[in-house]
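Quick mapping for you: the protein sequence lines, in order, are chains A and B.
Under the working numbering, read the first sequence as residues 1463 to 1576, first letter to last.
Under the working numbering, read the second sequence as residues 28 to 138, first letter to last.
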Amino acid sequence: AAGVIQSPRHLIKEKRETATLKCYPIPRHDTVYWYQQGPGQDPQFLISFYEKMQSDKGSIPDRFSAQQFSDYHSELNMSSLELGDSALYFCASSLGGLSTDTQYFGPGTRLTVL
Amino acid sequence: QKEVEQNSGPLSVPEGAIASLNCTYSDRGSQSFFWYRQYSGKSPELIMFIYSNGDKEDGRFTAQLNKASQYVSLLIRDSQPSDSATYLCAVTGGGADGLTFGKGTHLIIQP
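Right, dumping it as structure tokens:
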């Protein structure tokens, strides 16, 4: 079965640079979520989109922004990168609009900020 | 502030025995409850989901939910060495709300 696709899988950036992470949800899924997982930490919810509209917002820094496009893929844009932004970034998708949405996670993008 | 609490472990269980993982949550408005398994450096993998009070069984896994006590558990029967991983409890208010995770329980199945 098709899964969530994330690109790139690994990314190395310098401080103060920008980064763009991409997420392609499972076919027919219309809801996308972004999570950040630091070393030894649990995943922290950043932001979600349902039918291309922002739905829920978590602990996303103001330096980060995201959007969902007409084909339901999503991009997380990160600016003025800091050392503390080094983490695994996961995208998850679900078939939305229900109170019983089940989120399926992609393989993640490992971001290293030097 | 929504909180999900888990014993971080490690929880060591002999192969073939039952592993019992527990989780409590603070938000009484939580609607959906999930158990994910995560291997080091990999993404969370869905194991079980439960929405209603009671037990839900799927193969070797049983999830239990008690909304009055704000308690969720996961039982793994006939534990295998491949079950060794970190198990994350997650809750959400439903819809497109983000998941709130516990810090995970590190499970070790001893051959």
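Ideal placement from N, C-alpha and C gives every residue a C-beta, glycine not left out.
Fair warning: this is a prediction, and the values are worked out from it, not measured in the lab.
- Taking 9 Å as the Cβ-Cβ cut-off, the segment 118 to 129 of chain B approaches chain A at THR119, GLY120, GLY121, GLY122, ALA123, ASP124, GLY125, LEU126, THR127, PHE128 and GLY129, given in chain order.
- For A/ARG1471, there is no enclosing beta strand (DSSP E), as DSSP marks it with neither H nor E.
- B/LEU115 has a beta carbon lying within less than 8 Å of a beta carbon in chain A.
- Nearest CB-CB separation between A/GLY1500 and chain B: not below the 8 Å threshold.
- Going by DSSP, B/ASP82 is part of the beta strand (DSSP E) stretching over 81 to 85.
- The beta carbons of B/SER106 and B/ILE136 sit closer together than 8 Å.
- Between the beta-carbon of A/VAL1494 and that of A/PHE1567 there is about 11 Å, and that puts the pair past the 8 Å contact cut.
- Taking 8 Å as the upper bound on Cβ-Cβ separation, chain A lies near residues GLN58, SER59, PHE61, TYR63, GLY68, LYS69, SER70, PRO71, GLU72 and LEU73 of the segment 52 to 74 of chain B.
- Under the Cβ criterion of 8 Å, A/TYR1512 is counted among the residues facing chain B.
- Annotation for B/PRO41: the continuous beta strand (DSSP E) segment containing it runs 38 to 41.
- In the three-state reduction of the DSSP assignment, A/SER1521 falls in the coil class, being assigned neither a helical nor a strand state.
- Under the DSSP assignment, A/TYR1497 falls in the beta strand (DSSP E) whose first and last residues are 1493 to 1499.
- If the five residues before and after A/LEU1557 are omitted, its C-beta is found closer than 6 Å to the C-beta atoms of HIS1491, all from its own chain and listed in chain order.
- Sequence-distant Cβ neighbours of B/GLY43 in its own chain, meaning closer than 7 Å and more than five residues away, are ASP105 and SER106.
- The Cβ atoms of A/THR1574 and A/SER1548 sit closer than 8 Å to each other.
- In the three-state scheme derived from DSSP, where H, G and I count as helix and E and B as strand, A/LEU1543 is classed as coil.
- Taking all protein chains shown into account, A/ASP1533 has fewer than 16 neighbouring C-beta atoms within 10 Å of its C-beta and is therefore exposed.
- Contact of A/ASP1547 with chain B is not assigned, every C-beta pair being separated by 8 Å or more.
- For B/SER109, the secondary structure class from DSSP, reduced to helix, strand or coil, is helix.
- Assigned with DSSP and collapsed to three states, A/PHE1531 falls in coil, not helix or strand.
- The criterion of a C-beta distance shorter than 8 Å is satisfied by B/LYS29 and B/ASP54.
- Under the three-pair Cβ rule at 8 Å, the segment 59 to 74 of chain B counts as touching the segment 110 to 127 of chain B.
- In this structure, DSSP gives B/GLN58 a state outside helix and strand, which the three-state scheme calls coil.
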